[in-house]
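Here's the structure, in structure tokens; my notes come after.
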Amino acid sequence: LGPSGSGKSTMLRLMALLEPADRGGLLLGGHRIGSEDRGKRLHHLPERKLAVQRRDIGMVFQKFNLFPHLTALENVVVGLTEVQGAKKAEARERSYEMLQKVGLGDRDKHFPSELSGGQQQRVAIARALVMNPQVMLFDEPTSALDPELVGEVLEVMERLAESGMTMIVVTHEVRFARRVANEVTLFDSGVIVEQAEPEAFFENPQHERTKRFLSHV
108 LGPSGSGKST MLRLMALLEP ADRGGLLLGG HRIGSEDRGK RLHHLPERKL AVQRRDIGMV
168 FQKFNLFPHL TALENVVVGL TEVQGAKKAE ARERSYEMLQ KVGLGDRDKH FPSELSGGQQ
228 QRVAIARALV MNPQVMLFDE PTSALDPELV GEVLEVMERL AESGMTMIVV THEVRFARRV
288 ANEVTLFDSG VIVEQAEPEA FFENPQHERT KRFLSHV
């Protein structure tokens, strides 16, 4: 959580290996990703190695970024065939199963322009999930949606959390964070101000900045 411009999305982009870190390191499953130490200097990995590591990281953006000329099913299939090299028949079967999981099995032949914003975002979630990532990153996935469509996307995300998927979510949906999160972090001006389990974070915040933030949401 945190106000706009506080560094939340930048942190996600660092985790997704879309931006290089100036210092420090990232661990995924106990293994360093994105860089390696060479003496006292941080050495960023070449793009070909980053591309391989990104396969373990799913990311869902504010905007859906679907290919407008492809159907919902084809939008999910393309990552499997182009990135993982899966056979087309297998990719279509796996992609259709994933669309069913997000409640869109009956929309597989629809183009993005024929889907609501909430449905398009669920296609984007299916597209990330079908790659079988170790972690899912969500950058304000409901901010571009009409209020009436927010619930259907949050419901899919809540089911993912219940299934055991590791997720890092930037969101303004405070009630969702309180209900689903294992840990809540407040960012402000590029700094982590407070980090705690939901009950402690919302019921007994320790920092004045956190108290001010919560008083407005």
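For the sequence shown, the numbering used here begins at 108 and goes up steadily by one. Just so it is clear, CB atoms sit at the ideal spot from N, CA and C, and this is done for glycine as well.
Whether residue i touches residue j by CB criterion (9 Å)
i: L206; j: V230; result: yes
i: V300; j: L293; result: yes
i: V185; j: F174; result: yes
i: E304; j: N289; result: yes
i: L261; j: E280; result: yes
i: S111; j: G297; result: no
i: L187; j: M238; result: yes
i: A235; j: G131; result: no
i: L180; j: R199; result: yes
Buried/exposed call for residue i, threshold 16 Cβ in 10 Å
i: L124; result: buried
i: G313; result: Checking the displayed sequence, the identity of residue 313 turns out to be Gln instead of Gly. Exposed.
i: A233; result: buried
i: P219; result: buried
i: L244; result: buried
i: D253; result: exposed
i: N182; result: buried
i: R139; result: exposed
i: P248; result: buried
i: A158; result: exposed
i: R214; result: buried
i: A196; result: exposed
i: K115; result: buried
i: G141; result: buried
i: G146; result: exposed
Straight-line Cα distance separating residue j from residue i
i: Q169; j: G210; result: 20 Å
i: S202; j: D129; result: 37 Å
i: S223; j: I275; result: 25 Å
i: L133; j: D246; result: 18 Å
i: Q302; j: G109; result: 12 Å
i: R285; j: A307; result: 10 Å
i: T178; j: G136; result: 34 Å
i: M264; j: H150; result: 35 Å
i: F309; j: Q227; result: 32 Å
i: Q160; j: E143; result: 13 Å
i: L321; j: S250; result: 18 Å
i: M272; j: V242; result: 7 Å
i: V324; j: V291; result: 15 Å
i: E315; j: T278; result: 21 Å
i: F283; j: R148; result: 41 Å
i: A193; j: R162; result: 14 Å
i: L267; j: G212; result: 17 Å
i: K216; j: K318; result: 47 Å
i: G225; j: H176; result: 19 Å
Beta bridge counterpart(s) of residue i as assigned by DSSP
i: L244; result: M166 and I275
i: D295; result: V298
i: A303; result: V291
Only counting runs of 3 or more residues, tell me where the beta strand (DSSP E) segments fall wholly within the region 119-161, in order along the chain.
-> 133-135, 138-140, 142-145 and 148-151
Uninterrupted alpha helix (DSSP H) stretches inside the region 201-240 (no shorter than 4 residues) = 224-236
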